[in-house]
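Q: Sharing a structure below in structure tokens format, with a few things to ask.
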Amino acid sequence: MTPKERVRIALTGGKPDRVPFVPAVDYDYMALAAGREPWEFTHLGPEAQAQIHEGFFRRHPCDVWPCWGAPSPRGREHREIVRDGDRVYYHDHRTGRRYRIDRRGELRDEAGNTVILGPDGEEVDPKAAAIWVARDGYPRPVESIADMEEFVGGWDEEGYFANLEYLQPRYGDRHFLCFCTNTIFAEALDLFGGFQEGLIALHTKRALFHQALEAITARRRQRLVRGAALGADGAWMIEYCAGGDTISRAAYQEFVLPYEQAVAREAHRLGLLVYLWYLGDLMPLLPDLARLEVDGLFPEQGRKGYEVDLGEVRRQVGDRMCLIGFNQEEHLIAGDRRRLREGLERQIGAAGRNGALMMGTTYVIEDTPLEHLDFYIDTLHHVGRYD
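Shown next as structure tokens:
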């Protein structure tokens, strides 16, 4: 059975030969697994980023190959990456300034302070940038339909599918390649000024907030059309700042569910399978998520005092929806083999005895030794095999 066949069976509620594996990894870990430095993922352009994807998948056998969106090539004429001995520098030709690129890709000034650049090369206060949850910010909060159309219409999608375009003709015959539609709700929060101001706008600018959600959803549907035309097998949606730890169930039903539903339906119209990676407390939202027309639901481990029980998720959403399990982050970083194995066995037993299950990870960061993820995947291949 090929990885693609295995994933398709699981995502459509069936029982393949074994539980498929879907990774959720940060770019820094992906680069290290590919034998590259994390800064290369961010600064060396689409070709290097695609090769880092390829190197990661060669290092770690995955059934699902998530292809992250690549950076736009626009604006690259304004900067130059220069190596000087064991250091790497970012030269901005618009301002004439030079910044050191640290190992993770962040820019540093002469004193070693973090620097964030705006769209024209201007330095942005890092404290001000902390309010944004999905993008790098906007020059002003949305106050009108004209503002919203200006900002959403200005999103640059050029080059977004470079990773998929590189991998699909090389590996698409065997592996399940998917692309990211990204978040809807968190994007809207940013349009209205960031996390706190965006949540306030749910109540003070309700109608305009819905119009922003509609505009973002329309862009997501356009992305689905392009990804399907390139031969992708599926897409994954992301939601954060939209769990029961942040908003009420009533707010979820009004501001999140209808727009997620529209994206999922468009994906199916185009022949794509789709799973939702939900970062936050989804337990209070399960009655609504059970009727959301996604093929797979990918929770993360409980945080901030709440717990996510995959067996209870299965009980509430039914047997047909594919669930995607997760490890405990600290167990993978520490390489706690006993607990990693027990976690796999427990979740497969609770939610995957009859199939409709894939196993994922909690977001893997560079603190995780490569051998620990090797063990996790190898163990899944053993304990996740169906008789």
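According to the numbering used here, the sequence shown is numbered sequentially starting from 4.
Even for Gly, the Cβ is constructed at its ideal location relative to N, Cα and C.
Quick caveat: nothing in here was measured; it's all calculated off a predicted structure.
Give the C-beta separation of His-63 and Ala-36 to the nearest angstrom, bearing in mind that I take them to be a contact with Cβ-Cβ under 8 Å.
A: Correct: roughly 6 Å between the Cβ atoms.
Q: Roughly how many angstroms separate the alpha carbons of Trp-135 and Glu-126, rounded to a whole number?
A: The straight-line gap from Cα to Cα measures roughly 16 Å.
Q: Based on the DSSP secondary-structure assignment, which residues constitute the bridge partners of Thr-117?
A: In DSSP, Thr-117 forms a bridge with Arg-111.
Q: May I ask you to verify whether the region 251-258 touches the region 267-281, counting CB pairs closer than 8 Å and requiring at least 3?
A: No: fewer than three Cβ pairs fall under 8 Å.
Q: Does the Cβ of His-96 have 16 or more other Cβ atoms within 10 Å, making it buried, or fewer, making it exposed?
A: Exposed, since its Cβ has fewer than 16 Cβ neighbours within 10 Å.
Q: What's the call for Gln-199, buried or exposed, on a 16-neighbour Cβ count within 10 Å?
A: It counts as exposed.
Q: Based on Cα-Cα distance, which residue from Thr-364, Val-316 and Tyr-309 lies nearest to Gln-331?
A: Ranking Thr-364, Val-316 and Tyr-309 by Cα distance to Gln-331 puts Thr-364 first.
Q: At which residues does the beta strand (DSSP E) containing Phe-164 begin and terminate?
A: Run containing Phe-164: none; DSSP gives neither H nor E here.
Q: Here's the rule I'm using: 16 or more other beta-carbon atoms within 10 Å means buried, otherwise exposed. How should Lys-307 be labelled?
A: Per the 10 Å Cβ criterion, exposed.
Q: Compare the beta carbon distance of Asn-185 and Ile-241 with 8 Å and say whether it is the shorter of the two.
A: Yes, the Cβ-Cβ distance between Asn-185 and Ile-241 is below 8 Å.
Q: First and last residue of the alpha helix (DSSP H) that includes Met-151?
A: Where Met-151 is concerned, the enclosing alpha helix (DSSP H) stretches over 148-156.
Q: Out of Pro-261, Ala-232 and Ala-204, state which residue places its alpha-carbon closest to the alpha-carbon of Ala-221.
A: Looking at the Cα atoms, Pro-261 is the closest of the given residues.
Q: Once the 5 residues before and after His-213 are set aside, which same chain residues still bring their CB inside 8 Å of it?
A: Here the set comprises Phe-258.
Q: Report the three-state DSSP secondary structure of Pro-69 (helix, strand or coil).
A: In the structure shown, Pro-69 sits in a strand (DSSP, three-state: E or B).
Q: Could you spell out the range, first to last residue, of the alpha helix (DSSP H) harbouring Asp-193?
A: Counting along the chain, the alpha helix (DSSP H) containing Asp-193 begins and ends at 188-194.
Q: Roughly how many angstroms lie between the CA atoms of Arg-111 and Pro-49, to the nearest whole one?
A: Approximately 23 Å between the Cα atoms of the pair.
Q: Based on Cα-Cα distance, which residue from Phe-164, Leu-14 and Gly-58 lies nearest to Trp-71?
A: Among Phe-164, Leu-14 and Gly-58, the Cα nearest to that of Trp-71 belongs to Phe-164.
Q: My parser needs the alpha helix (DSSP H) runs of 4 or more residues fully inside the region 283-311; what are they?
A: Fully enclosed alpha helix (DSSP H) runs of 4 or longer: 289-292.
Q: Compare the Cα-Cα distances from Cys-325 to each of Arg-344, Val-297 and Glu-315 and report the closest residue.
A: Of Arg-344, Val-297 and Glu-315, the residue nearest in Cα terms is Val-297.
Q: Tell me whether the beta-carbon of Val-22 lies closer than 8 Å to the beta-carbon of Met-362.
A: Their beta carbons are under 8 Å apart, which means Val-22 touches Met-362 by this criterion.
Q: Write down the C-beta distance between Ile-368 and Asp-29 rounded to the nearest angstrom, noting that I regard them as a contact closer than 8 Å.
A: The Cβ separation is near 5 Å, so the contact holds.
Q: Leaving out the 5 sequence neighbours to the left and right, which residues in its chain are closer than 8 Å to Arg-224 when beta-carbon positions are compared?
A: Hits under 8 Å: Ala-265, Val-266 and Glu-269.
Q: I'd like to check one pair, Val-118 with Asp-66: are the Cβ atoms closer than 8 Å?
A: Not in contact: Asp-66 and Val-118 (Cβ atoms no closer than 8 Å).
Q: Return the chain-ordered ranges of every beta strand (DSSP E) run that is complete within the region 17-83 and spans a minimum of 3 residues.
A: Within the region 17-83, the complete beta strand (DSSP E) runs of at least 3 residues are 67-70.
Q: Between the Cα of Gly-358 and the Cα atoms of Pro-372, Tyr-366, His-334 and Gly-299, which residue gives the shortest distance?
A: Per the Cα distances, Gly-299.
Q: For Phe-378, which beta-bridge partners are listed by DSSP?
A: None, per the DSSP bridge assignment.
Q: Assuming Glu-333 is part of the alpha helix (DSSP H), what are its boundary residues?
A: 332-337 is the extent of the alpha helix (DSSP H) around Glu-333.
Q: To which residues of the same chain is Ala-289 closer than 6 Å at the C-beta, ignoring the five residues directly before and after it?
A: One point to set straight first is that residue 289 is Leu, not Ala, in the sequence displayed. Excluding sequence neighbours, Leu-289 sits near Gln-319.
Q: Starting from Ile-241, trace the beta strand (DSSP E) in both directions and tell me its first and last residue.
A: Residues 237-243.
Q: Going by DSSP in three states, Tyr-281 sits in which element: helix, strand or coil?
A: Looking at Tyr-281 - three-state DSSP - the assignment turns out to be strand.
Q: Apply the 10 Å Cβ neighbour rule to Tyr-93 and answer buried if 16 or more other Cβ atoms are within range, or exposed otherwise.
A: By the neighbour-count rule (16 or more Cβ atoms within 10 Å), Tyr-93 is buried.
Q: Can you have a look at Glu-333 and say buried or exposed, based on whether 16 or more other CB atoms are within 10 angstroms of its CB?
A: Glu-333 comes out exposed.
Q: How far does the beta strand (DSSP E) with Leu-216 in it reach, from first residue to last?
A: Element bounds for Leu-216: not the beta strand (DSSP E) but the alpha helix (DSSP H), 209-232.
Q: Inspect the CB distances between the region 367-385 and the region 342-350 and report whether three or more fall short of 8 Å.
A: Yes: at least three Cβ pairs fall under 8 Å.
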